[in-house]
Amino acid sequence: MAEIRNRSAFHEYYIEDTYVAGLVLVGTEVKSLRAGKVSFNDSYCYLHKGEMFIKSLHISEYAFGTLYKHEPTQERKLLLTKKELKKLQGKTTEKGYTIVPLRIFFNDKNIAKIEIGLGKGKKLHDKRETIKQRDTEREMKRYLK
């Protein structure tokens, strides 16, 4: 399992800055992550009392887990440095900025990490422009082959 991407985040937001954070996981969540049983639907990050949390990230229950099963949509703490948290706090107070999860991956030490992005929401015409641009790039790649 290489990584799990949140494709809708790039469609809904202009991503201006990205950060890599650690995830605080419990029980069988790591095994479910390795199996790719994650859904980013409507998930977002928020700051509360100087700490970052991710809400509504759905990690399915591990099928072979026995006693130590986890709640699929529980809030999970993200591990960032104080400097990064202060920077994000300053940006999210500005109008239109939000923090969205972009991908979950395992680093070279096999530790679960999440990449989050500081995004500004797109308008409908911007989304259409992104789709049009992607289609033209696809046509050019086909033509060059």
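Position one of the sequence shown corresponds to residue 1 (the UniProt record's numbering), numbered consecutively onward.
Just so you know, even glycine gets a beta-carbon here, dropped at the ideal spot from N, CA and C.
Contact between the region 9-16 and the region 74-86 is defined here as three or more beta-carbon pairs at a separation below 8 Å; is this criterion met?
no
I need the straight-line Cα distance from Tyr143 to Tyr97, nearest angstrom please.
Along the sequence shown, read from residue 1 onward, the residue named residue 143 stands at position 143. Along the sequence shown, read from residue 1 onward, the residue named residue 97 stands at position 97. Going from the Cα of Tyr143 to the Cα of Tyr97 covers about 38 Å.
Using 8 Å as the cut-off, can you tell me whether the region 30-45 makes contact with the region 54-65, which would need three or more C-beta pairs spanning the two stretches below that distance?
yes
Cβ neighbour criterion (16 or more within 10 Å) applied to Tyr19:
If you number the sequence shown from 1, residue 19 lands on position 19. Tyr19 should be labelled buried.
Taking Tyr143 as part of the alpha helix (DSSP H), name the residues at either end of that continuous run.
What you label residue 143 is simply residue 143 of the sequence shown in a count that begins at 1. Taken as a continuous stretch (DSSP letters only), the alpha helix (DSSP H) holding Tyr143 covers 124-144.
Fully enclosed by the region 4-71, which beta strand (DSSP E) runs are 3 residues long or longer?
13-23, 44-48, 51-55
Rounded to a whole number of angstroms, what is the C-alpha to C-alpha distance between Glu51 and Arg138?
Here residue 51 refers to the residue found at position 51 when the sequence shown is read from its first residue. Here residue 138 refers to the residue found at position 138 when the sequence shown is read from its first residue. So the alpha carbons of these two residues sit roughly 41 Å apart.
Residue from Gly27, Ser39, Leu118 with nearest C-alpha to Ala21:
The residue given as residue 21 occupies position 21 in the sequence shown. Of Gly27, Ser39, Leu118, the residue nearest in Cα terms is Leu118.
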